[in-house]
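*Asks:*
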Amino acid sequence: MGGWAIVVHGGAGVDPNLPAERQEEAKQLLTHCLNLGISALRSSLPAIDVVELVVRELETNPFFNSGRGSALTEKGTVEMEASIMDGNGRRCGAVSGVTSVKNPISLARLVMDKSPHSYLAFSGAEAFAKKHDMEMVDNEYFITEDNKGMLKQAKEANTILFDYRVPLDSCGAGVESPIVMNGLPISVYAPE
Amino acid sequence: TVGCAVVDSQGRCAAATSTGGLMNKMMGRIGDSPLIGAGTYACDLCGVSCTGEGEAIIRGTLARDVAAVMEYKGLGLQEAVDFVVKERLDEGKAGLIAVSKTGEVAYGFNCVGMFRGCATEDGFMEVGIWE
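Okay, structure coming up:
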């Protein structure tokens, strides 16, 4: 047996012009989450508890696109989704369309542990969370000023953005860019 | 999107993924993150969490495919990750992280950067963004 191991991610598809201080902030958060997972593993917590613990931490910090700091819908609201799977017995739980549960990953865990199903969505997921006294917050809690700005850019560029943190100046949102890659004006890739 | 894959000292694997989805997405849009076998998968061989263009990850059943090529083609963890990122995404852009029951860590992505960090019991630890 090879001992414990842990990997975390905060999303793929990064703005090539992400400022250095933002990159540093991301690295510090990833290091913090790794250390959280490592100490849990050293205390012999099972893998399923460790993945939930680490993703909860990532949902609570607004830096990445989940929980607080989630991407916004076309209406400027937040609809979150999450899933969790235990390789030991291949048990799993998932939720979608969650708008007021503070930690969607814990609701997915609850679906896995406390329901006869593996996936609950929208009003069913919210009702299940209420029934089990999960921590609920207003949808506003998840919305950040950064993301309001990102949504505005996306609308001006008439596009849908995934995980990119595209800066205001280089997105060229106001200008009709002839070439688009991954839904972004090619100018974003110009440096490359 | 955020995710975590872990193998504990008993060799048990697990994976978890959580997201707000796509900026400016339609109401009611479901991505890969909640779909078991697409954005998240774990079995006795490995644990996998994916991120990126959800529609491409769903079509490629990305997370399950890492476990499948390990199981049926006998690939090691990093080989399986590289194979799936290279062969299953078509024009889609995505990344994934994975652990194996034998305590290995691996990740792969075909887009501009991925925020990731990994650590193993023998002291290895890495945090990165770019290639």
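Those protein sequence lines, which keep their order, are chains A and B. Heads up: the first sequence is residues 1 to 192, going by my numbering. Heads up: the second sequence is residues 1 to 131, going by my numbering. Glycine included, every Cβ here is placed at the ideal spot set by N, Cα and C.
Could you work out which residues of chain B lie near G124 of chain A, taking near to mean beta carbons separated by less than 8 Å?
*Replies:* Those within 8 Å of G124 of chain A in chain B number zero; the least Cβ separation is about 13 Å.
*Asks:* Figure out for me which residue from B:E131, B:E126, B:V2 has the closest Cα to the Cα of S49 of chain B.
*Replies:* Closest option to S49 of chain B, Cα to Cα, is B:V2.
*Asks:* With burial defined as no fewer than 16 other Cβ atoms inside 10 Å of the residue's Cβ, what is the status of Q153 of chain A: buried or exposed?
*Replies:* Result: buried.
*Asks:* Whole-angstrom Cβ separation of K93 of chain B and V7 of chain B, contact assumed at under 8 Å?
*Replies:* Not confirmed; about 27 Å, so no contact.
*Asks:* Would DSSP call G124 of chain A helix, strand or coil?
*Replies:* Three-state DSSP puts G124 of chain A in a helix.
*Asks:* By DSSP, does M112 of chain A sit in helix, in strand, or in coil?
*Replies:* If DSSP states are grouped into helix, strand and coil, M112 of chain A belongs with the helices.
*Asks:* Does the distance from the C-beta atom of G103 of chain B to that of G10 of chain A stay below 7 Å?
*Replies:* No. Outside cutoff.
*Asks:* Residue range of the beta strand (DSSP E) that A12 of chain A falls in?
*Replies:* Note, A12 of chain A: beta strand (DSSP E), 5-12.
*Asks:* Answer yes or no: do L30 of chain A and G123 of chain B have a C-beta to C-beta separation smaller than 7 Å?
*Replies:* No, the Cβ-Cβ distance between L30 of chain A and G123 of chain B is not below 7 Å.
*Asks:* When you compare each of B:M125, B:F115, B:L22 to E131 of chain B by their alpha carbons, which one comes out closest?
*Replies:* Looking at the Cα atoms, B:F115 is the closest of the given residues.
*Asks:* Does the beta carbon of R22 of chain A sit closer than 7 Å to a beta carbon anywhere in chain B?
*Replies:* Answer no: the Cβ-Cβ gap between R22 of chain A and chain B never drops below 7 Å.
*Asks:* Mind listing the chain D neighbours of T60 of chain A? Cutoff is C-beta to C-beta under 8 Å, in chain order.
*Replies:* Looking at the structure shown, chain D is missing, and the protein chains on hand are A and B.
*Asks:* How is R56 of chain A classed by DSSP in three states: helix, strand or coil?
*Replies:* R56 of chain A: helix per DSSP, three-state reduction.
*Asks:* If you check the beta carbons only, do V99 of chain B and V81 of chain B fall under 7 Å apart?
*Replies:* No; because the gap between Cβ atoms is not below 7 Å, this pair is not in contact.
*Asks:* Measure the Cβ-Cβ separation of T51 of chain B and G95 of chain B and say whether it is below 7 Å.
*Replies:* For T51 of chain B and G95 of chain B, yes; Cβs fall inside 7 Å.
*Asks:* So M80 of chain A contacts chain B; which residues on that side make the cut at Cβ distance below 8 Å?
*Replies:* Here the neighbours are S18, T19, G20, G21.
*Asks:* Kindly say whether N65 of chain A, judged by its beta-carbon, lies nearer than 7 Å to any beta-carbon of chain B.
*Replies:* At least one chain B Cβ lies under 7 Å of N65 of chain A.
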